[in-house]
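Here the working numbering is used: the first residue of the sequence shown is 29, the next is one more, and so on. Backbone N, C-alpha and C fix where the C-beta goes; we use that ideal spot for every residue, glycine too. Here is the structure we will look at, set down as structure tokens.
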Amino acid sequence: MMRLNQHKEGYSNSRRSVGMQRWWSLAIRLAYGYAGAAIQEVDAMMRQKFIGLAVVAALLATPAWAGFAEGKAAADKGDHATAAKEWKAAAEKGDVGSQVALGFLYQKGLGVKQDWKQAVYWWDKAAAQGNTEAMRTAARVYLTSAPGVDLDVPKAMKYYQKAAEANDPVAQLNLAQLLIKFARDDDDVKQAAYWFLRASEQGSPAAMHNLGVMFEKGLGVPADAAEAKKWFAKAEEAKAAAKQTQVSAK
29 MMRLNQHKEG YSNSRRSVGM QRWWSLAIRL AYGYAGAAIQ EVDAMMRQKF
79 IGLAVVAALL ATPAWAGFAE GKAAADKGDH ATAAKEWKAA AEKGDVGSQV
129 ALGFLYQKGL GVKQDWKQAV YWWDKAAAQG NTEAMRTAAR VYLTSAPGVD
179 LDVPKAMKYY QKAAEANDPV AQLNLAQLLI KFARDDDDVK QAAYWFLRAS
229 EQGSPAAMHN LGVMFEKGLG VPADAAEAKK WFAKAEEAKA AAKQTQVSAK
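In structure tokens, the structure reads:
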């Protein structure tokens with residue numbers, strides 16, 4: 029798996045890392061092309077429906093959900109101040125769903141004063157209990173920094189690694205992209221291909237497309253035009269199916 033300690037300095041000074049320039053053009057294509065758009069769509073969905081989607085997933089992972097349910101009922105009515113009160117009380121008792129939800133309230137400044145540091149604090153708490161949604165959300169902040177939160181790429185990578193190993197497809201996709209972006213040697217690129225494959229097997233169109241690029245260029249896997257074409261086709265099929273599902277859900 030990823031040699032995090034060996035890479036720590038490389039992450040903090042990526043453009044000067046040994047071998048970094050070799051992969052930079054590929055990183056641009058993967059991170060800011062098809063996959064980047066997919067991640068933006070996921071982020072947009074979370075911004076619009078974080079009460080109903082991201083947090084409910086966390087709720088299902090914990091039995092101590094009474095406070096969470098009360099907070100969600102308040103949030104559904106637009107009473108975010110009450111939601112914050114209920115979720116904070118439950119979060120302080122260790123309820124994972126409430127910790128994730130409270131983090132989103134602090135992130136958006138709903139019912140509480142906007143405070144990125146507090147948002148990440150609660151996501152870190154939930155991540156410590158194994159919640160992959162919290163890991164991914166905190167990782168995004170550590171990658172870009174925010175008011176009161178220092179840039180911490182190694183910590184973001186660590187979170188993505190843990191979530192990926194827990195079979196979270198979005199984390200697998202993001203980890204693969206970061207391994208490419210901060211690649212120091214061929215082993216990192218092979219690991220990126222591995223995680224693109226893992227995410228592809230779970231239906232991620234972006235991962236399928238990126239895996240196709242890896243086969244097309246012979247990066248991390250043997251060059252194989254037929255295999256690349258197969259994954260590009262699968263990506264388009266999965267993308268079309270996802271759009272149809274979104275239309276049907278409206």
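When Cβ pairs closer than 8 Å are counted between the two stretches, the region 195 to 211 is seen to touch the region 158 to 167, the count reaching three or more. Counting only the Cα atoms, K258 lies some 18 Å from A270. For S126, the enclosing alpha helix (DSSP H) covers residues 124 to 136. A contact between stretches requires three or more CB pairs, one per stretch, nearer than 8 Å, and the region 211 to 222 fails this requirement with the region 185 to 192. Residue state for V249 is assigned as coil, using DSSP reduced to three classes. When the five nearest sequence neighbours on each side are left out, the beta carbons in the same chain lying within less than 6 Å of the beta carbon of L247 are those of V217, in order along the chain. DSSP links A174 through a beta bridge to V177. About 4 Å separates the Cβ atoms of A154 and Q127, confirming a contact at the 8 Å cut-off. The beta carbon of K262 lies closer than 6 Å to those of M236 in the same chain, with the five residues before and after it left out.
Less than 8 Å divides the Cβ of A166 from the Cβ of D152. Looking from the CA of L225, the closest CA among G106, E120, K190, E255 belongs to E255. Going by C-alpha positions, H108 is about 10 Å away from E114. DSSP places K141 outside both helix and strand once states are collapsed to three, so it counts as coil. In the same chain as R164, and ignoring 5 residues on each side of it, the C-beta atoms closer than 8 Å to its own belong to Y187, Y188, A191, D196, V198, A199, N202, in chain order. Cβ-Cβ distances below 6 Å link A220 to A204, L207, I208, G248 in the same chain, with the five nearest sequence neighbours on each side left out; the list follows chain order. Restricting attention to A129, A174, K267, the CA atom closest to the CA of G99 is found in A129. Linking G95 to A251 through their CA atoms gives a straight-line distance of about 53 Å. For the options Y149, R168, W150, K145, the alpha carbon positioned closest to that of V177 is the one of K145.
Here the alpha carbon of P175 sits roughly 37 Å from the alpha carbon of A266.
Under the criterion of beta carbons closer than 8 Å, A112 and G139 qualify as touching, at roughly 4 Å.
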